[in-house]
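Those protein sequence lines, which keep their order, are chains W and A. Here the first sequence stands for residues 125 to 549, numbered as in this note's numbering. Here the second sequence stands for residues 125 to 549, numbered as in this note's numbering.
There are 2 protein chains.
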Amino acid sequence: MENTHIIKGNVIFTKTPQKFDLYENGYIIVENGKVKLITSALPESYKSFPITDYGDKLIIPGFVDLHLHAPQFRNLGLGLDKELIPWLEGYTFPEEAKFKDAAYASKIYKMVVKELWKQGTTRAVVFSSIHKDTTKLLFDLFIQAGLGAYIGKVNMDRNSPDYLIEESAQSVKDTEEIIKEYINKSDLVKPIITPRFVPSCTSALMKELGALAEKYDLPVQSHLSENMAEIEWIKSLHPECTSYTNVYETYGLLRQGKTIMAHCIHNTDTEIELLKKYRVFSAHCPTSNSNLSSGIMPLRRFLSEGLPVGLGSDISAGHKLSIPCVMNITVQMSKMKWLESGRQLAPLSTSEVFYLGTKGGGEFFGKVGSFEEDYEFDALVIDDSDLGDTTLSLEERIQRYIYIGDDRNIVDRYVRGKLITEPVF
Amino acid sequence: MENTHIIKGNVIFTKTPQKFDLYENGYIIVENGKVKLITSALPESYKSFPITDYGDKLIIPGFVDLHLHAPQFRNLGLGLDKELIPWLEGYTFPEEAKFKDAAYASKIYKMVVKELWKQGTTRAVVFSSIHKDTTKLLFDLFIQAGLGAYIGKVNMDRNSPDYLIEESAQSVKDTEEIIKEYINKSDLVKPIITPRFVPSCTSALMKELGALAEKYDLPVQSHLSENMAEIEWIKSLHPECTSYTNVYETYGLLRQGKTIMAHCIHNTDTEIELLKKYRVFSAHCPTSNSNLSSGIMPLRRFLSEGLPVGLGSDISAGHKLSIPCVMNITVQMSKMKWLESGRQLAPLSTSEVFYLGTKGGGEFFGKVGSFEEDYEFDALVIDDSDLGDTTLSLEERIQRYIYIGDDRNIVDRYVRGKLITEPVF
């Protein structure tokens, strides 16, 4: 038990969405980066190990972001008066094209990784751009920072502007080069197959990407059913398929328990059955979905039917990288959905959104996002003393932090048991 | 022209909701606290006056908050899993009752005023509690801080808990005492008649309050049509009136151009006509309206019909005091309303929400919220250099600040031409 240390404080996490698990002045025994035991009273046998006592502070799992576009970082807060397709063409594609340039990419990607650190996002599933070399740079920065990530070089070989399109064979070749280089380079930062979305990828390319995913047993991420116009477009592009979801299935891109689809707002019942069959993770991105007037995902239905769901900041269609901000708006939008559904789809509780932003998304990474035994110790230490009365219950304190705290309240961050300081790039 | 000084920087404001007025490296000539002239080139005759040069920073009107409950400040981020009535009973009333105590009130009200300062809210329309003496304390703190406000001692003499209810005659007497003491004490901080909402006030009390408003020519604030259950309750309480709005009209509480009603979500066409007739200001509080599952105000309709509207943080049903946060969620909810209305009620643009949070609410105070000639010079100086590229257009920079900036970006605050430093209490 050489690599054992003990963390003490007010421990808050969610084994299940239904309620918070709370340990006032609790002890987390961390062995080899994993939670060995969580307890209110330290056993005698552990009393000789080093302890970090955080006093009255809160200790919570690190945040997990299941969907974000790193090269859109500089567009945060811009262009948010558009719907999906004009927003892509007017703002997003021109910005992503800049990531051909290594110096520009280096500058911005360093900011992204630092900002994720700052906001307490310890694990992220990331789209880069189509550019191979700068995607490698993003891998290296995450590895250097010590944060966990799946990173996908974006593939797009049709319906894309001249300045941001690939030749199909080269797209596959570049993707495989990255996979080979990074599949075993880091335990924390791994490749993920990333067709941008159906309209951007020919059937041939999607088929090749499906084959790569199979060959290397890799996860897959893309976008699904975000916008009504997008869905109509896909119907016309793929008359051979029965639905948007079925396009991904057809080309081998729904991998059992290993696929993330962002948005999932307008799926049919049949599509929801398909998502269930493959245990597809939905990345719920309500900030983006409201900013781009996409609509509100029927999140309650997904949860009731047992589909896996996590939260996504979806920057820069979402304007906040902060997962607590995404938790807030998830609750708010779930209340609007409740009204819209004639009070059928119940609003989410605070413990439910907390679960989604920690263990819900964390499940995509394995045993991540909770402090149950054998979970990787990814944690944030929160000083909420400037947010008001700290004699409130822990449940009230965590709710208050989610609603009104910000990055200034996060005083320490751990990934796999290791204290992660601000990246020095 | 003794009291003349000149402010230089990138000036941004909205004469009309439709577009931003922009002066890159512009000059604002301030005389006796008011804008004399705004210009891109400083006239020869003004070159001898003192100038404050803010370089590449942004200069915008101070934010105006038309609706907030000061004694609910310590409840920020708490209890947001309830609808209106249970939230009032479970969280809000118990907290407000504490403001009987001068020491507690002093502690919390100092925090409120400091936080308004910090967030760049230079004018606010405020509910205190039923307590006369601590309401006076709140007046004194605003006066000391140099921020502008209307402050209303809350009246409630029915349907309220034993620990937070007034005897009707005493309620009127206390209200008049405050009016007499504060009506001429400060140019910036004034009393406003504040029946909590119809269910909390007997008809007799409302009538007396209407008479006080008339006698002293005072403005009035209350709540209107926030929640369906509330509306049904009022129907049963006031069979003599034709609508919720008509109750206020009946008791003399709709004063021409001098009344603010918070929320205005579920009004009938007839009620909207009444609001128009009396030129009632609506305080749009979308954060609160989503947190309490109240619904989405048909804001576009109010604007199209020329009704005056401003924004309200509505703390603590709203969890953010920041008006830019309220602007964000106003746009997001307007997009949800657009979808809900079958794309009939168009979403708000950035210039429209900026207008609502500055000049829209500012009109309630007179010539406030803009930099047109003769407007009071209430301003914020924004350093957005950490938000990204500052070679963008001013329109993009202000949009970005609204979406992703926070209090850390505000470097100076002015009210009526005077630089307002952090309150020292």
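Glycine included, each C-beta is placed from N, C-alpha and C at the ideal position.
Original post:
If we count the other Cβ atoms within 10 Å of its Cβ and call it buried at 16 or more, is V468 of chain A buried or exposed?
Top reply: Here residue 468 of chain A is Gln; the residue named in the question, Val, does not match the sequence. Counting Cβ neighbours within 10 Å, Q468 of chain A comes out exposed, since fewer than 16 surround it.
**OP:** Just the C-alpha distance for F144 of chain W and I506 of chain A, rounded to the nearest angstrom, thanks.
**Re:** 40 Å
Subject >> Per-residue DSSP class, three states only, for P410 of chain A >> reply: helix
Subject >> Inter-residue spacing [alpha-carbon to alpha-carbon] between G270 of chain W and F321 of chain A >> reply: 54 Å
Original post:
Listing by chain order, which chain A residues have their CB less than 7 Å from the CB of N415 of chain W?
Top reply: Q456
Original post:
Quick one, which of A:L472, A:Y287, A:H255, A:D502 has its alpha-carbon nearest F426 of chain A's?
Top reply: A:L472
Original post:
According to DSSP, is N283 of chain W helix, strand or coil?
Top reply: coil
**OP:** For P471 of chain A, go through chain W and note every residue whose CB falls closer than 7 Å to its CB, in chain order.
**Re:** S417
Original post:
Alpha carbon to alpha carbon, how far is K444 of chain W from K206 of chain W?
Top reply: 17 Å
Original post:
Closer than 8 Å, CB to CB, is E487 of chain A near chain W or not?
Top reply: no
**OP:** Rank W:E496, W:L192, W:D536 by C-alpha distance to the C-alpha of A503 of chain W and give the top, closest one.
**Re:** W:D536
Original post:
How long is the line joining the alpha carbons of C365 of chain W and A470 of chain A, rounded to whole angstroms?
Top reply: 34 Å
**OP:** Provide the residue(s) that pair with K132 of chain W in DSSP beta bridges, ordered along the chain.
**Re:** W:Y151, W:D177
**OP:** Keeping to the same chain, check which residues put their C-beta closer than 7 Å to that of W357 of chain W; ignore five residues upstream and five downstream.
**Re:** P323
Subject >> For H387 of chain A, the residue or residues it bridges with in DSSP >> reply: A:L348
Subject >> At least three beta-carbon pairs within less than 8 Å, the stretch 277-287 of chain A to the stretch 207-221 of chain A >> reply: yes
Original post:
Is the stretch 169-182 of chain W touching the stretch 231-251 of chain W in the sense that three or more CB pairs, one from each, lie closer than 8 Å?
Top reply: no
Original post:
Per DSSP, E500 of chain W is paired with what?
Top reply: W:K158
Original post:
Between which two residues does the beta strand (DSSP E) containing G553 of chain A stretch?
Top reply: The structure shown has nothing for residue 553 of chain A, since chain A only spans 125 to 549.
Subject >> Separation of L202 of chain W from S465 of chain A, as counted between CA atoms >> reply: 26 Å
Original post:
Sorted by chain position, which residues of the same chain lie with C-beta nearer than 8 Å to G490 of chain A's C-beta, five sequence neighbours on each side aside?
Top reply: E500
**OP:** Taking T163 of chain W as the reference, give the member of W:I152, W:F173, W:A226 with the closest Cα.
**Re:** W:I152
Original post:
Which residues in the same chain as P285 of chain A place their Cβ atom closer than 6 Å to its Cβ, once the five residues preceding and following it in sequence are excluded?
Top reply: F217
**OP:** Identify, in the order they occur along the chain, each residue of the same chain with its Cβ nearer than 8 Å to the Cβ of S292 of chain W, setting aside the five sequence neighbours on each side.
**Re:** D281, T326, A328, L329, E332
Subject >> Boundaries of the alpha helix (DSSP H) in which T245 of chain A is found, first to last residue >> reply: Where T245 of chain A is concerned, there is no enclosing alpha helix (DSSP H), although the beta strand (DSSP E) it sits in stretches over 245-251.
Original post:
From the beta carbon of H443 of chain W, is the nearest beta carbon of chain A less than 8 Å away?
Top reply: yes
Original post:
Is the stretch 382-389 of chain W in contact with the stretch 401-411 of chain W, if contact means three or more CB pairs nearer than 8 Å?
Top reply: yes
**OP:** Take N156 of chain W and list the residues in its own chain whose beta-carbon comes closer than 6 Å to its own, dropping the five residues that flank it on each side.
**Re:** N127
Original post:
Which chain W residues are close to W462 of chain A, counting only those with a beta carbon under 8 Å from its beta carbon?
Top reply: S417
Subject >> Cβ of D513 of chain W within 8 Å of any chain A Cβ >> reply: yes
Original post:
Among the residues of its own chain, which have a CB less than 8 Å from the CB of N533 of chain A, if the five just before and after it don't count?
Top reply: I506, D507, D508, D510, L511, Y525
Original post:
Of all Cβ atoms in chain W, is any one closer than 8 Å to the Cβ of I317 of chain A?
Top reply: no
Original post:
M421 of chain A and N415 of chain A look like a contact to me (Cβ under 8 Å); what is the Cβ gap, rounded to whole Å?
Top reply: With a Cβ gap of about 14 Å, M421 of chain A and N415 of chain A do not count as contacting.
Original post:
At a Cβ threshold of 8 Å, is G214 of chain A touching chain W?
Top reply: no
Original post:
Looking at the C-beta of D205 of chain W, does it have a partner C-beta in chain A at a distance below 8 Å?
Top reply: yes
**OP:** Indicate whether I191 of chain W and S440 of chain W have their beta-carbon atoms separated by less than 8 Å.
**Re:** It should be pointed out that residue 191 of chain W corresponds to His in this sequence rather than to Ile. Contact: no.
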